[in-house]
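Numbering (full-length UniProt numbering), first residue to last: 1 to 221. Note that beta-carbon positions come from the ideal geometry of N, C-alpha and C, so glycine has one too. If you're wondering where the values come from, they're calculated on a predicted model, not measured in any experiment. All remarks here apply to the structure that follows.
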Amino acid sequence: MFQRRFIIIRSMLIQILRKMYMANISNPFVLAGIVLPWIALNGFLKPHSERISFAEHRFRIFLQFCTFVTGFAGIFFLQRKGLMPGNQPDDTTDEDATELKFPKEFEQADTLLTSEVYLLLEHRRQQSEQKEEIDEMSDVFVKTLNYTRRMARFKNRETIRAVRTLLATKPLHKFEVAQIANLCPETSEEAKALIPSLENKMEDDELDEVLKDLHSKKTFQ
């Protein structure tokens, strides 16, 4: 009775797996999740002789069930996470900062200068100090604060605002604005070597003038 019921259930599961397999035959993730349990249910894990005890046979049935559940759960997880090849958009853009190609998630995102990040973290540190929570700051926070303090080119809000205003008047992408302000290159040649997308954006003389103005703000802040 038990074996007959198992055979019926196994046949039903095989039919379901077969339909899923035919619908996703070109999908490697689906193949990995379906073929293995299909093989198990089809009998590769069946007892090889009638002399196998019923306890061992029942254990093999349990293995078949676990294999099926694992495969099906894997498919469900990949579908939910959008990792199946069929779920990937056809118009995916390769990331290439030199050509200003970024993932769609960054299209509406704003860029921050390292100097701006430093001011935000320093403000947070001061708040913690006032609340006597200075000991509760994580090591990551402290290390990030120290890094931005060293790398920040501009130390106050007024200078940062002036830098933003200067670069906003030029035909620059927000990524290029952040890069120029963070790196502060000395010459147009250096700037275009560090930021290749600037090559056809501005003439060397115009870019040199912008960089000169940028360094003057850095010097007299």
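Closest by C-alpha distance to residue i, when choosing among the options
i, options, result
"H173", "E158, N146, M202", "M202"
"E107", "S115, D208, E95", "E95"
"T144", "T169, Q130, T114, E99", "T114"
"T111", "L119, A168, F175, N182", "F175"
"T219", "D204, V163, L120", "V163"
"residue 237", "K192, P196, S197", "Here the chain comprises residues numbered 1 to 221, so residue 237 is not present and cannot be evaluated."
"P185", "Q126, T98, L121, D213", "D213"
"N146", "T159, A168, I160, L121", "L121"
"T148", "Q130, R161, H123, E132", "H123"
Extent of the continuous alpha helix (DSSP H) run through residue i
i, result
"D205", "204 to 219"
"M137", "Where M137 is concerned, there is no enclosing alpha helix (DSSP H), given that its DSSP letter is neither H nor E."
"L112", "Where L112 is concerned, there is no enclosing alpha helix (DSSP H), given that its DSSP letter is neither H nor E."
"A191", "188 to 194"
DSSP state of residue i mapped onto helix, strand, coil
i, result
"K201", "coil"
"K174", "helix"
"M155", "The sequence shown places Lys at residue 155, rather than the Met named in the question. Here K155 sits in coil by DSSP."
Buried versus exposed, by CB contacts within 10 Å (16 or more), residue i
i, result
"Q179", "buried"
"L207", "buried"
"A181", "buried"
"R150", "exposed"
"A169", "Note that residue 169 corresponds to Thr in the displayed sequence, not to Ala. T169 is exposed by the Cβ-count criterion."
8 Å Cβ cutoff met for residue i and residue j
i, j, result
"S188", "L166", "no"
"S128", "E136", "yes"
"L100", "R157", "no"
"F154", "Q221", "yes"
"T98", "S197", "yes"
Beta carbon proximity, residue i to chain B, threshold 8 Å
i, result
"I160", "Annotation note: the requested chain B is absent from the structure, which comprises a single protein chain."
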